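Residue numbers (this note's numbering): 936 to 1122.
Quick notes on the structure that follows.
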């Protein structure tokens, strides 16, 4: 599933670059193309994966190095922790800003004790608000990496009553982070 998500992200970014959607900084990170920030994310980019390396003021996740400063919020299972308390192999979700020089600055690092569980379910859209929706009684969040199939390209294209299939990861708070949302029918 991770490979599918990475391929989808790369296709989206390459499409945007071809349309003039990049300012050229993405190539300086040394990693593959960067995801685009969602319009309501405050310019933050979403990343996730196992922690591969750590330094005094940095952490590497999924082949990308993130700088950590005094403003970085770090949590383990919803509780504030220090960078030193993180461990190699921990599953981390990072929200980061891209500096003009290409460096990624971690704004938030959330670590989960247990690896997330993958889930796929179908149900009716009950509500849509901001970056989340409720489908068949489950709280679902979307990120800039969420792929939409059978409808437009964002959460704004969904309406209450639509029947959708959601594929994603279940977080510690039982929220589903959608990797893919497929429209089955328009109600």
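From the three backbone atoms N, C-alpha and C, an ideal C-beta is built for every residue, glycine too.
Only a predicted model underlies this, so the values are computations on that prediction, with no experimental measurement involved.
Judging by CA-CA distance, which residue of the options is the nearest neighbour of residue i?
i            : options                  : result
residue 1011 : 1044, 1036, 1063 and 986 : 1044
residue 1026 : 1014, 1047 and 1016      : 1047
residue 978  : 1035, 984, 1063 and 1118 : 1035
residue 1096 : 1054, 1052, 983 and 1063 : 1063
residue 1013 : 1114, 981, 1106 and 985  : 1106
residue 1109 : 980, 1082, 1074 and 1091 : 1074
residue 1115 : 992, 991, 1121 and 1081  : 1081
residue 1083 : 995, 982 and 1113        : 1113
residue 1072 : 1104, 993 and 1111       : 1111
To the nearest angstrom, report how far apart residue i and residue j are at their CA atoms.
i            : j            : result
residue 997  : residue 1019 : 19 angstroms
residue 1076 : residue 1087 : 17 angstroms
residue 1002 : residue 1030 : 12 angstroms
residue 1089 : residue 1070 : 16 angstroms
residue 1093 : residue 1016 : 37 angstroms
residue 1085 : residue 988  : 39 angstroms
residue 984  : residue 990  : 17 angstroms
residue 1118 : residue 1066 : 17 angstroms
residue 1104 : residue 1028 : 12 angstroms
Taking buried to mean at least 16 other C-beta atoms within 10 Å of its own C-beta, is residue i buried or exposed?
i            : result
residue 1023 : exposed
residue 1078 : buried
residue 1053 : exposed
residue 999  : buried
Under 9 angstroms, Cβ to Cβ, is there at least one residue of chain C near residue i?
i            : result
residue 1118 : Included in the structure is just one protein chain, with no chain C present.
Cβ of residue i within 8 angstroms of any heavy atom in the ligand SAH?
i            : result
residue 1015 : Among the components modelled here there is no ligand, and therefore nothing to report on the ligand SAH.
Tell me whether the region 1095-1108 and the region 1049-1063 touch, counting them as touching only if at least three CB pairs, one residue from each stretch, are closer than 8 angstroms.
Yes: the two stretches touch, three or more of their Cβ pairs being nearer than 8 angstroms.
Do three or more CB pairs link the region 986-1006 to the region 1034-1043 at distances below 8 angstroms?
Yes, they touch.
Quick check for students: name the residue ranges of the beta strand (DSSP E) that lie wholly in the region 1082-1111, counting only runs of 3 or more.
Counting only runs of 3 or more residues that sit fully inside the region 1082-1111, the beta strand (DSSP E) segments are 1082-1084 and 1098-1105, in chain order.
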